[in-house]
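Written out below as structure tokens is the structure these notes cover.
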Amino acid sequence: MSKPVPWLLVAFIIPMVLLIAIGVFSYYSNSRLNQAFDQSDHTQEVILQAEKIISTLKDIESGVRGYIYIKDSTFLEPYTSGRKAIINELRILDSLVTPTAPQQAGIVKINSLAFTKIAALDSVLQIVKTRDDSDSLKVIELMRNGKLIMDETRKMITGLIIEEKNLQNDLNDTKIHYSSRVRLAQWVLIIFGIIFFALTYWRMVVEWQQKVKYERKLEQQVIDLEVQNKQLEDFSFVLSHHLQEPLRKLGTFTDKLQLNHSDDINEEMSYMLRRIGLFSTQISKLVEGIHTIANLQKQHQDLWKSFSLESVFEEVLRAYDEKIKSKSAVIDIDSNLPMLKGNFQQLVLLFKQLLDNSLTFVNPDKMPYIKVRVSQVKGNEIAGLAEIKQNVEYLNISLADNGIGFSSDFTDKVFEIFQKLEQNEEDEGLGLGLAICKKIVLNHDGEIVAESQTGKGTIIKIFIPIL
Amino acid sequence: MKQGDLVFQILMVDDDEDDRFLTQTAFEESDLKCKLDFVKDGTEAIDHLTAIFETNDDRNPLPNLILLDLNMPKKNGWQVLAEVKNSESLRHIPVLVFTTSKSPEHVKRSYDLGANSFITKPSTYSGLLDIVRVIGKYWKDVATVI
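Protein sequence lines, in the order shown, are assigned to chains C and S. Using our numbering, read the first sequence as starting at 1 and increasing by one per residue. Using our numbering, read the second sequence as starting at 468 and increasing by one per residue.
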């Protein structure tokens, strides 16, 4: 099933060619058979017609004979009607045989013989009627002559009949031959039809079974994935909640010790207590960060809402108002912000994290300047994007700052969890911010890339598909 | 509390001994004229409140405020909250949820059940002192409670 098109094509072409071949063969044999039947009917007609002519001739002669003996004009009745009929019968026979057929010569002869015979009988009648002398030598002569003509005619007609009968025998052979071929074609068609239907049915059953199997497998995988996801979520909750309590108390007690017993502790002890307090706060923040990441579930697209990017930045700026003022930072946001679809809370968190980074890693010699620009790009313009996304339209949101930046060697590493490029443990960077950003962007089927140069600043580019 | 001679009574419902200790010291150090009672879980809290209501003794009145932890054995904070807010005789008492959690779902669920405030336990002692002072200042001096 790796190449379904050729398989289907073969399955279509082979039976089609076979069907056409059987059809052509069957049609040809059938028309030949019909032709033989027609020809056979024709010879039968010729034979009947020839026999009719002989019989009519006999009627005419016996009528004349009867009249000669008895002199009763009623005997002339078959003569009169026969004479009328014979002309028509001869014409029919002539028309039955095509002018080019080999029998044609015999027909012409039969024609002339019949007319000669009738002419002889006519003469006999003439003599008998007028002179009333049946013993006349003339009559005898004419009758003898008439007998010879009659014999000749009979011979000719018998010859014609034999010829036609031979033809009929040949045609019978042809009929047997072609009717067996028609039967063969029918059998082949039936057998082929049965085989083809059986094969098609078998193939359909196999495909259907495979489809059902794949579906079951997929269903099972979805269920497994849901279970795993739930377990992970539960685990992350338990982890964060149960770690958070002792950590909080560790911090509180350390603080209380410093506050309530400041007279009893010396410089060194105070330093160590400060360190303990700092670390407990850090672990607490880490746990919270992990919990945040684990809880950033991908929401189903049907639940995504449509909102303006402006409303997202409004929310972000409101939350960071104080920090922006304290750092005297300038935030320059694109005046033309589009609408987009997604999870509002997650996108707010995304830009909060990015703004937080830009406001944290500032260049001490410069006034912090953060520029946000939005444009629209096609998937194939984004480097390293999967082929399936090449034709998708993306919103490109870029966030550029003039902070301390980092070496371009680390542009991929910064998005990994717990990756800290700054070694200063007093600062708030815990190596989670960009991992959170990456997760949010992935939740929106998007891409996030970083470009940076040490000392010059960082540009974060986010690509979110336009729905 | 404008009645003068009566003391502002707070009932803290928390299974954690350290938190009870820290809160108690914080209240003492912040010099608030409050009487702090403690119960160790949800069942105890409901029993305690019902007992006070039933004896109806003026010397032992219902608390003016409840500090309620969420994660507790037997009956958790939400169950206590639901019972208090569904009880004709108890629902007037302001309930302040005081917990480690800051998850939005927990916050929402608490307010849905009728919590009067949701406070996350701080991770420093000075933070705890600040919170205790604010609670005292607001609920004892600014707001009027029964």
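For glycine and all other residues, C-beta sits at the position ideal for the given N, C-alpha and C.
Under the three-state reduction of DSSP, which class applies to residue i: helix, strand or coil?
i, result
"Q103/C", "coil"
"F488/S", "helix"
"E314/C", "helix"
"V506/S", "strand"
"A450/C", "strand"
"I464/C", "strand"
"I223/C", "helix"
"L171/C", "helix"
"V612/S", "coil"
"T98/C", "coil"
"M272/C", "helix"
"M150/C", "helix"
"A297/C", "Note on identity: in this sequence residue 297/C is Gln, with Ala being the wrong assignment. Three-state DSSP puts Q297/C in coil, outside helix and strand."
"N380/C", "helix"
"T458/C", "strand"
"D356/C", "helix"
"I533/S", "strand"
"Q390/C", "coil"
"V375/C", "Residue identity differs from the one stated: residue 375/C is Ser in this sequence, not Val. Note: S375/C maps to strand in three-state DSSP."
"V362/C", "coil"
"V139/C", "helix"
"D401/C", "strand"
"L385/C", "coil"
"D59/C", "helix"
"Q470/S", "The predicted model places Q470/S with a pLDDT of 46, which falls under 50 and marks its position as unreliable; any figure quoted below should be read in that light. In this structure, Q470/S counts as coil in the three-state DSSP scheme."
For chain S, check one thing: does any of its Cβ atoms lie closer than 9 Å to the Cβ of residue i?
i, result
"L278/C", "no"
"R373/C", "no"
"D264/C", "no"
"E458/C", "Per the sequence shown, residue 458/C should be read as Thr rather than Glu. Not closer than 9 Å to any Cβ of chain S, the Cβ of T458/C fails to qualify, so no."
"R274/C", "no"
"G251/C", "yes"
"M1/C", "Caution applies to M1/C, whose pLDDT of 46 falls short of 50 and renders its modelled position unreliable; the value that the coordinates give is listed next. By this cut-off, M1/C is not an interface position."
"L259/C", "yes"
"K256/C", "yes"
Would you say residue i faces chain C, with C-beta separation under 9 Å as the test?
i, result
"D496/S", "Residue identity check: residue 496/S is Glu in the sequence provided, not Asp. Chain C contact via Cβ: present."
"D597/S", "no"
"P528/S", "no"
"P589/S", "yes"
"Y605/S", "no"
"S577/S", "no"
"Q470/S", "Caution applies to Q470/S, whose pLDDT of 46 falls short of 50 and renders its modelled position unreliable; the value that the coordinates give is listed next. Chain C, which has no Cβ nearer than 9 Å to the Cβ of Q470/S, makes this no."
"S568/S", "yes"
"G594/S", "yes"
"N543/S", "no"
"N538/S", "yes"
For my contact list, residue i and residue j are in at a C-beta cut-off of 8 Å; report their separation, rounded to the angstrom.
i, j, result
"F119/C", "L90/C", "This sequence places Ala at residue 119/C; Phe is not what is there. At roughly 14 Å, the Cβ-Cβ gap does not stay under 8 Å, so A119/C and L90/C are not in contact."
"D486/S", "K588/S", "7 Å"
"D255/C", "T591/S", "4 Å"
"A85/C", "I161/C", "Not really, about 19 Å apart at Cβ, beyond 8 Å."
"G405/C", "T454/C", "5 Å"
"V441/C", "L350/C", "7 Å"
"S408/C", "I459/C", "Actually they are not in contact, since the Cβ atoms of S408/C and I459/C sit about 11 Å apart, beyond 8 Å."
Using a Cβ-Cβ distance cut-off of 9 Å, determine whether residue i contacts chain A.
i, result
"T492/S", "Of the chains in the structure shown, none is chain A; the protein chains are C and S."
Does the stretch 332-339 of chain C come into contact with the stretch 281-301 of chain C, if we say contact requires no fewer than three beta-carbon pairs (one atom in each stretch) closer than 8 Å?
no
Pull out every residue of the stretch 385-415 of chain C whose Cβ sits closer than 9 Å to any Cβ of chain S, in chain order.
none
Three or more C-beta pairs closer than 8 Å, one from the stretch 410-419 of chain C and one from the stretch 383-402 of chain C: is that the case here?
By the Cβ rule, the stretch 410-419 of chain C does not count as touching the stretch 383-402 of chain C, because fewer than three pairs are nearer than 8 Å.
Using a Cβ-Cβ cutoff of 8 Å, what residues of the stretch 475-490 of chain S are near chain C? List them in chain order.
D483, D485, D486, L489
Check whether the stretch 574-582 of chain S touches the stretch 598-611 of chain S, taking contact to mean three or more Cβ pairs, one atom from each stretch, closer than 8 Å.
The stretch 574-582 of chain S, when compared against the stretch 598-611 of chain S, does not touch it at the 8 Å Cβ threshold.
Short of 8 Å Cβ to Cβ, which residues in the stretch 236-247 of chain C face chain S?
H241, Q244, E245, L247
If you pair each beta-carbon of the stretch 174-194 of chain C with each one of the stretch 19-30 of chain C, do three or more pairs fall below 8 Å?
With a cut-off of 8 Å, the stretch 19-30 of chain C and the stretch 174-194 of chain C count as touching, because enough Cβ pairs lie within range.
Specify whether the stretch 501-517 of chain S and the stretch 529-547 of chain S touch according to this definition: at least 3 beta carbon pairs, one from each stretch, less than 8 Å apart.
Segment contact: the stretch 501-517 of chain S against the stretch 529-547 of chain S, three or more CB-CB distances shorter than 8 Å; contact assigned.
Counting pairs of Cβ atoms below 8 Å between the stretch 34-50 of chain C and the stretch 63-79 of chain C, do you hit three or more?
no
What are the residues in the stretch 279-303 of chain C lying within 9 Å of chain S by C-beta distance?
S280, T281, S284, E288, H291, N295
Kindly confirm or deny that the stretch 305-324 of chain C and the stretch 270-282 of chain C touch, where touching means at least three C-beta pairs closer than 8 Å.
no
Pairing CB atoms from the stretch 557-566 of chain S with CB atoms from the stretch 528-542 of chain S, are three or more of them under 8 Å?
yes
Decide yes or no for the touch test of the stretch 123-133 of chain C against the stretch 67-78 of chain C: beta carbon pairs closer than 8 Å, at least 3 of them.
yes
Between the stretch 365-384 of chain C and the stretch 314-321 of chain C, are three or more C-beta pairs nearer than 8 Å?
no
Decide if the stretch 97-111 of chain C is in contact with the stretch 153-168 of chain C; the criterion is three or more beta carbon pairs, one per stretch, under 8 Å apart.
yes
Taking 8 Å as the cut-off, does the stretch 181-200 of chain C touch the stretch 9-25 of chain C (at least 3 CB pairs, one atom from each stretch)?
yes
Using 8 Å as the Cβ pair cut-off and three pairs as the minimum, do the stretch 444-454 of chain C and the stretch 501-508 of chain S touch?
no
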